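Contents: one structure, followed by commentary.
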Amino acid sequence: MSYLLINISIMNKDLLLSKLWEQYTSITPSAKKIHSLLEEKGEKIENDHIAIRTFNDARVNIAVLEKPFVKAGYVSKGEYVFESKKLFARHYEHATDNTAPRIFISELELEKCSEELQLSVKELLDSCDQSVFEKEDLVLSGAVWNANSFETYNTLLDESEYAAWMYVYGFRANHFTINVNALTNFSNLEELNSFLKESNWRMNASGGEIKGTPAQLLEQSSTLADLNAIKFDEGTKEIPSCYYEFALRYPMENGELYQGFVASSADKIFESTDVKLQS
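Numbering (the numbering used here), first residue to last: 2 to 280.
Take a look at the structure:
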């Protein structure tokens, strides 16, 4: 897959976010359809957060992918660990614009994975023109390596769905998230989920359709990822791409809405791209 040549150094926050949306919806047509469906009901969609995936290799880790966001005014606010999936993540909030979506960047902790997976990822990154990793538009670049082997995809999938997804799709928004608090026709996630299912959208039921509780100050749900046709050497295969998430936040003791994330809930949201949930 070729990567986008965009001079992000002259890109402001809004343009960066719009480019991420454009790239995301190009392989996630359901997001645009759901967006339009809600707008037809009179909703004005606000974005809660955008999620991005990577590896913790020093060439492409969180410290690398955060750069354009930090340059655009974002600051790190929270850290999260996902033991079973071998992931670490940080979330970012804009320093001056409280209407800007949060940014959630996760990375696969390679040292916790098998030697075979570590070698596969190293070979992928080594195969690239190393100057690619220095570009400020890396976050918009997709797969900058040759992702043409279905055998490699399946080998990675056997150990880590996250790694297999990264192999195919690379650097891009993994999902966008609708801020349910800003919706006017739905008072809770149950109502929104029911509406989406009545419109024939499939929801991620791993750990229950709604992840989190009011006591945890955050409830989340998501669709299952779209299936995208990928051309491998072995032929064209349908591979889960990205999904749309929905977040409802609750007030803390000081009356302000909770701004962070709940690791146990996010762990199940990650599974929206899992091949096993598509059957």
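Heads up, the beta-carbon is just placed ideally off N, CA and C, and yes, glycines get one too.
These numbers come from a predicted model, not from an experiment.
Item, Value
"Burial state of Gln279 (16 or more Cβ within 10 Å)", "exposed"
"Secondary structure of Thr26, DSSP reduced to three states", "helix"
"Presumed contact (8 angstroms Cβ cut-off) between Thr224 and Arg203, rounded CB distance", "6 angstroms"
"Leu197 beta carbon less than 8 angstroms from that of Ile35", "yes"
"Residues that DSSP places opposite Gly209 in a beta bridge", "According to DSSP, which records beta bridges pairwise, Gly209 is partnered with nothing at all."
"8 angstroms CB neighbourhood of Phe151 in its chain, flanking five on each side removed", "Phe233, Asp234, Glu235, Gly236, Lys238"
"Secondary structure of Leu218, DSSP reduced to three states", "coil"
"The alpha helix (DSSP H) enclosing Asn48, as first and last residue numbers", "No alpha helix (DSSP H) holds Asn48; the beta strand (DSSP E) holding it covers 48-56."
"Top-ranked residue by Cα proximity to Glu23, from Tyr75, Glu162, Arg173", "Arg173"
"Cβ pair Val145, Gln217 closer than 8 angstroms", "no"
"Strand pairing of Lys232, partner residues [DSSP]", "Thr237"
"Where Leu16 falls: helix, strand or coil (DSSP)", "helix"
"Reference Leu277; option with closest CA among Pro241, Pro252, Ala52", "Checking the sequence, you will find Lys at residue 277 rather than Leu. It is Pro241."
"Neighbourhood of Tyr4 by C-beta, 6 angstroms cutoff - its chain only, sequence neighbours within 5 removed", "Note that Tyr4 has pLDDT 38, beneath the 50 cutoff, so the model's placement of it is unreliable and the number below is only indicative. Ser142, Gly143, Val145, listed in sequence order."
"Residue environment, Met253, which counts as buried when at least 16 other CB atoms sit within 10 Å", "exposed"
"Unbroken beta strand (DSSP E) run spanning Ser77, endpoints", "75-83"
"C-beta contact flag for Lys14 and Ala52 at 8 angstroms", "no"
"Inter-stretch contact at 8 angstroms, needing at least 3 Cβ pairs: the stretch 32-50 / the stretch 172-191", "yes"
"Those residues which DSSP pairs with Arg250 across a bridge", "Leu219"
"Classification of Leu111 by the beta-carbon crowding that lies within 10 angstroms, buried from 16 upward", "buried"
"The alpha helix (DSSP H) enclosing Glu108, as first and last residue numbers", "Premise fails: Glu108 lies in the beta strand (DSSP E), 103-109, not in any alpha helix (DSSP H)."
"When Arg60, Tyr75, Leu38 are compared against Leu17, the one with the closest alpha-carbon", "Tyr75"
"Cross-strand partners of Phe281 (DSSP beta bridge)", "For residue 281 there is no data in the structure shown, the boundaries of the chain being 2 and 280."
"Residue(s) in a DSSP beta bridge with Asn180", "Ala248"
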